[in-house]
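Visitor: Dumping the structure here so I can ask a few things about it.
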Amino acid sequence: MMKFFCAIVGSVFPIDIDVGQSVGDLEKAIKAENPATITCDAKDLRLYLAKKGTGWLPSVDLAAIEDREAVPGFEKVSLVDTKREKSSTYLIQKVLEMNGMPSPQAEQIHVLVVVPTGASTPENNRKRKRMEEKDAPDAWIKTIKDERVTTLPSTREAMKDHLQRALHVKIPVSGRLFQLMSARNSTGEISSVLDKLFDSEPREAISDITGTVLREIIDPLGFGSESVSEQTYHHSWDAVIAMLLRLVTDGIFRRNLNVSASTGAYRPDLCFYSTNSNICVFRGQEKARGELDVPVKELHEKLRWRYDDAPYVFGYAAVGLLVCLVTIRKDEKKETCAKAEKIETYNLESLKDRLSFFLAMLNLSTLFKPVVDLIRPLGIPDYITLYRSNGVLIKFAEDCVVKTYPKSMPSDEIIRNLKGLHRVMKNHSVPNIVELKNANMKKKHVKLAPIGLLTPPENCKQLLMALRDILKALVALHAINLMHRDLRWENVIKYSIDGDKWFLIDFDDGTSSPAAKVTHLKAESHAPEIPSSSSHTVKVDIWSVGYLLMTSPVQDLPPELGRIKSQCLRKNPSSRPTAKSLLTAIESLIES
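Here the sequence shown stands for residues 1 to 592, where the numbers follow UniProt numbering.
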């Protein structure tokens, strides 16, 4: 019994067979070893001895043979056919003797197997699958989505090279669009970018998705027209930027129309977020006219850098149809500041530049996920807009929150009350509270800072730290007969840069103590006397401390916190502890 190592392209397998058996028996054994991958009859296989010089082909040379590289001394000798007869009837021993071959050993290839065209082999199946995927209507989109970039470009030149590389799977193009491009390429100036983007021959039909994308690039409507406002350009910008990125990444984009102008709070004109990410990995600043350096400067001038684990995020500055791609990096000279580095500028009135920009955007999109993966998730999504059930609109800007009240609410009364509360709290240096930066009754909004992280405590230590900071605020508030009245984890925010430090937000229901009963606060999350008694005092905040412990995400509270929770949740307000005594107890637990 001898062991022959046989090779089909892409696969090596052993066959144990007696040298007294025939070549036909070897054919059957090879097929029997590969029933799922060899679908032809055994007699139709073509078998070759793998010779190198006077011996067998070393297994290390097989890859070179499969890649059709020259291997000195290599020769394949047919085991099946001779000039005059079918050799399947020959004994294996005779064939070896006829060719002067030694006994087979390990680490050698002895038999090369060729399957007739059309029959299955692992490699044929892989090739067929690759061809089918490549020929799928929108295969180019899937390939871009599936690409996994492992090394980020570290320099401007490396970034430009990445953006200018050819697509792995080219985009099919219809005959009409192919003719349009050919007609505009009489000088050959766009041949290079065409080769990087598109199939070399037009197709009879392309998908609606691909067709829509290509028409916006090759034959857009409105490009080159006279324009007077940013809104006139929004379709043009979105077609080649936001909508394209959404298609090839499954991400989402958000436009922030007129926010900065109306509130003085900076938010990029456009934010793009990768799939399942709250990080604005690609942002845009846009102008109808003017100098390009103005929106470039806006991309980084007011940005507080919070992406330390990544080398950069991305952006674009647009003035009309002039668009500049940039990387935005941390400014090493200023700890929380950023700087922008231009990659390339494109004039979208030019077909050549539109095609080059199209290629750049497709390649740029492959960098979004690896950049986002390096950044720790933000507690509050970049520049998000929240819509509260009561109609309040909360917009997160670069360094503040803009809170806008609906017409259905008494906004003048709320804003007037907030201004009075914050003035008193500032005069008495109440710690660990949000700061009112600006109020506008006419536009029904207030501007508050800092933003912080909407992240509840994750462990017992963080819970104690949060309670300490909450109670420090309550001690100061209660000393001047003020109460918050709406303490829930939604209104306890972690500072973004000060470690385990927390502060209180949302003083919309804050007031002086004592106060008359109110009915708009939910009974299940507020002290029982608020809706039921004729008046209530600062002790409602103490009940809320117990509610914070009851709803804490930290499980298995230590006995001491369990006792504090029970004391705070007592129905009788006068039997609840004071903020000062609770602070002393919590600080003792922290020190112990």
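Where a beta carbon is used, it is the ideal one built from N, C-alpha and C, also for glycine.
All values reported here derive from a predicted model rather than from experimental measurement.
Would the stretch 158–170 count as touching the stretch 233–241 if we require 3 or more Cβ pairs under 8 Å?
Guide: With a cut-off of 8 Å, the stretch 233–241 and the stretch 158–170 do not count as touching, because too few Cβ pairs lie within range.
Visitor: Determine the direct distance from the alpha carbon of ILE586 to that of SER513, and round the result to whole angstroms.
Guide: As a first step, residue 513 must be located in the sequence shown, where it is residue number 513. As a first step, residue 586 must be located in the sequence shown, where it is residue number 586. For SER513 and ILE586, the distance between alpha carbons rounds to 25 Å.
Visitor: Please name the residue, chosen from PRO268, LEU197, THR366 and ALA439, that lies closest to LYS170 on a Cα-to-Cα basis.
Guide: Here residue 170 refers to the residue found at position 170 when the sequence shown is read from its first residue. Answer by Cα proximity: LEU197.
Visitor: Tell me, to the nearest whole angstrom, how far the beta carbon of ALA106 is from that of LYS76; I am working on the premise that it is less than 8 Å.
Guide: Translated into positions along the sequence shown, residue 106 becomes position 106. Translated into positions along the sequence shown, residue 76 becomes position 76. Going by Cβ atoms, the distance from ALA106 to LYS76 rounds to 20 Å, so no, they are not a contact pair.
Visitor: Can you tell me whether DSSP reads PHE357 as helix, strand or coil?
Guide: Position 357 of the sequence shown, counted from the first residue, corresponds to residue 357. Reduced to three states, the DSSP call for PHE357 is helix.
Visitor: Span of the alpha helix (DSSP H) holding residue 596?
Guide: Since the first residue shown for the chain is 1 and the last is 592, residue 596 is missing from the structure and cannot be characterised.
Visitor: With DSSP run on the structure shown, which of helix, strand or coil describes GLN108?
Guide: Residue 108 sits at position 108 when you count from the first residue of the sequence shown. Reduced to three states, the DSSP call for GLN108 is strand.
Visitor: Please report how far the alpha carbon of ARG354 lies from the alpha carbon of LYS426, in whole angstroms.
Guide: Taking the sequence shown and counting its residues from 1, one reaches residue 354 at position 354. Taking the sequence shown and counting its residues from 1, one reaches residue 426 at position 426. Spanning the two alpha carbons is a distance of roughly 54 Å.
Visitor: Around the Cβ of ASP556, are there at least 16 other Cβ atoms within 10 angstroms (buried) or fewer (exposed)?
Guide: The sequence position of residue 556 within the sequence shown is 556, counting from 1. Its Cβ having fewer than 16 others within 10 Å, ASP556 is exposed.
Visitor: Given this structure, state the Cα-to-Cα distance separating LEU589 from GLU490, to the nearest angstrom.
Guide: Walking along the sequence shown from the start, residue 589 turns up at place 589. Walking along the sequence shown from the start, residue 490 turns up at place 490. Spanning the two alpha carbons is a distance of roughly 24 Å.
Visitor: Excluding the 5 residues flanking VAL326 on each side, which residues of the same chain have their C-beta closer than 8 Å to its C-beta?
Guide: In the sequence shown, residue 326 corresponds to position 326, counting from 1. Taken in chain order, the residues that qualify are VAL296, LEU299, PHE314, GLY315, TYR316, ALA317, ALA340, GLU341, LYS342 and ILE343.
Visitor: Relative to the C-alpha of ASP469, which candidate in PRO268, PRO431 and PRO573 has its C-alpha closest?
Guide: Taking the sequence shown and counting its residues from 1, one reaches residue 469 at position 469. Among PRO268, PRO431 and PRO573, the Cα nearest to that of ASP469 is on PRO431.
Visitor: Please look up how many angstroms separate the CB atoms of ILE530 and LEU549, rounded, as I've assumed it's under 8 Å.
Guide: Locating residue 530 in the sequence shown gives position 530, where the first residue counts as 1. Locating residue 549 in the sequence shown gives position 549, where the first residue counts as 1. In fact, because the Cβ distance is near 19 Å, the residues do not count as touching under 8 Å.
Visitor: Between which two residues does the alpha helix (DSSP H) containing ASP269 stretch?
Guide: Reading the sequence shown from its first residue, position 269 is the one you call residue 269. Unbroken run through ASP269: none, as it is neither H nor E.
Visitor: Return helix, strand or coil for LYS170, following the three-state DSSP convention.
Guide: Working through the sequence shown from its first residue, we reach residue 170 at position 170. Residue state, collapsed to three classes: coil.
Visitor: Pick helix, strand or coil for PRO370, following the three-state DSSP scheme.
Guide: In the sequence shown, counting from the first residue as 1, residue 370 sits at position 370. Helix at PRO370.
Visitor: Grab the span of the alpha helix (DSSP H) containing MET465 for me, first residue to last.
Guide: What you label residue 465 is simply residue 465 of the sequence shown in a count that begins at 1. 460–479 is the extent of the alpha helix (DSSP H) around MET465.
Visitor: Quick check: the Cα distance between GLU230 and GLY452, rounded to an integer number of angstroms?
Guide: Here the question's residue 230 lines up with position 230 in the sequence shown. Here the question's residue 452 lines up with position 452 in the sequence shown. Computed Cα separation, rounded: 32 Å.
Visitor: Which of helix, strand or coil does DSSP assign to LEU386?
Guide: Mapped onto the sequence shown, residue 386 falls at position 386. Reduced to three states, the DSSP call for LEU386 is strand.
Visitor: Give me the Cα-Cα distance between VAL401 and THR385, rounded to the nearest whole angstrom.
Guide: Walking along the sequence shown from the start, residue 401 turns up at place 401. Walking along the sequence shown from the start, residue 385 turns up at place 385. Spanning the two alpha carbons is a distance of roughly 10 Å.
Visitor: Looking at TYR495: is its Cβ nearer than 8 Å to the Cβ of PHE503?
Guide: As a working mapping, residue 495 is identified with position 495 in the sequence shown. As a working mapping, residue 503 is identified with position 503 in the sequence shown. Against a cut-off of 8 Å, the Cβ pair of PHE503 and TYR495 comes out as a contact.
Visitor: I'd like to check one pair, ILE206 with residue 670: are the Cβ atoms closer than 8 Å?
Guide: Any answer about residue 670 is impossible in this case: the structure gives the chain only from 1 up to 592.
Visitor: Just the Cα atoms here: how many angstroms apart are ARG184 and LEU194?
Guide: Here residue 184 refers to the residue found at position 184 when the sequence shown is read from its first residue. Here residue 194 refers to the residue found at position 194 when the sequence shown is read from its first residue. So the two alpha carbons sit approximately 12 Å from each other.
Visitor: Output the residue ranges of the beta strand (DSSP E) runs that lie fully inside the stretch 276–300 and measure 3 residues or longer, sorted by chain position.
Guide: The stretch 276–300 contains these whole beta strand (DSSP E) runs: 280–287.
Visitor: Here's the rule: buried if 16 or more other CB atoms are within 10 angstroms of the residue's CB, otherwise exposed. What is LYS31?
Guide: Position 31 of the sequence shown, counted from the first residue, corresponds to residue 31. Buried: at least 16 other Cβ atoms inside 10 Å.
Visitor: Less than 8 Å between C-beta atoms, sequence neighbours within five positions excluded: which residues of the same chain meet that for SER22?
Guide: Working through the sequence shown from its first residue, we reach residue 22 at position 22. Same-chain partners within the cutoff: SER88, THR89, TYR90, LEU91 and ILE92.
Visitor: Hey, how far is the Cα of ALA476 from the Cα of ASP541?
Guide: Position 476 of the sequence shown holds residue 476. Position 541 of the sequence shown holds residue 541. If I take the Cα positions, the gap works out to 13 Å.
Visitor: Return helix, strand or coil for GLU490, following the three-state DSSP convention.
Guide: The sequence position of residue 490 within the sequence shown is 490, counting from 1. Three-state result, GLU490: helix.
Visitor: Classify ALA242: buried if its beta carbon has 16 or more other beta carbons within 10 angstroms, exposed otherwise.
Guide: Position 242 of the sequence shown, counted from the first residue, corresponds to residue 242. So ALA242 counts as buried.
Visitor: Exposed or buried, GLN285, counting other C-beta atoms within 10 Å across all chains shown (16 or more means buried)?
Guide: Indexing the sequence shown from 1 puts residue 285 at position 285. Looking at its Cβ environment, which holds 16 or more other Cβ atoms inside 10 Å, GLN285 is buried.
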